[in-house]
Amino acid sequence: MKRLFQVVLVGSKIVPLVMGILVAVDGATFFVPENTMVTEGAAQIRVYAIWLTCIFFLSVWMAFNIGTCGPVLTIVFVLVALAGASRVYSIIELGDYSSSTVVAAVIEMATLLFIPWHRHVRQELEMQGEVQ
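For what it's worth, this note's numbering labels the leading residue of the sequence shown as 13, then goes sequentially.
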């Protein structure tokens, strides 16, 4: 169960890693045609891309520190779920959306399932004496 949790945790963050790298390199042109975004907006999009990349590396750290990462894991995945909720809000507010936006929102909100799964894995590790 521990190994499966680690693999799914890190594997689920491959898409944010790839998106983060692509958007950090391409900036706003990844989403909109060139010369249609102001510099401040393009810079802010790159900042968000770096945060996406950081989520991957934080997930790798959490995978190797299952016994001690509980509070960090909870905070990270609640924030990721809130990002998914903000996508849903944008869909409701603007009405124009792609299927990839809906899929991303569902996946982001589903990351909340990692929290009880982590608790279960941690309890198993405690019973085995691997975590104090």
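No residue lacks a Cβ here, since even glycine has one placed at the ideal position from N, Cα and C. Every value quoted in this text rests on a predicted model; they were computed, and no experiment measured them.
Asked	Found
Please state the DSSP three-state secondary structure of I67.	helix
When you compare the CB positions of L29 and F68, do they come within less than 7 Å of one another, or not?	yes
Can you tell me where the alpha helix (DSSP H) with D38 in it begins and where it stops?	I26 to D38
Name the residue from G107, L34, A93 and V90 whose alpha carbon lies nearest to the alpha carbon of A61.	L34
Indicate the three-state DSSP secondary structure (helix, strand or coil) for I57 in the structure shown.	helix
Measure the alpha-carbon distance for R58 versus E52 and round it to whole angstroms.	10 Å
Quick one: what does DSSP say Y109 is sitting in, helix, strand or coil?	coil
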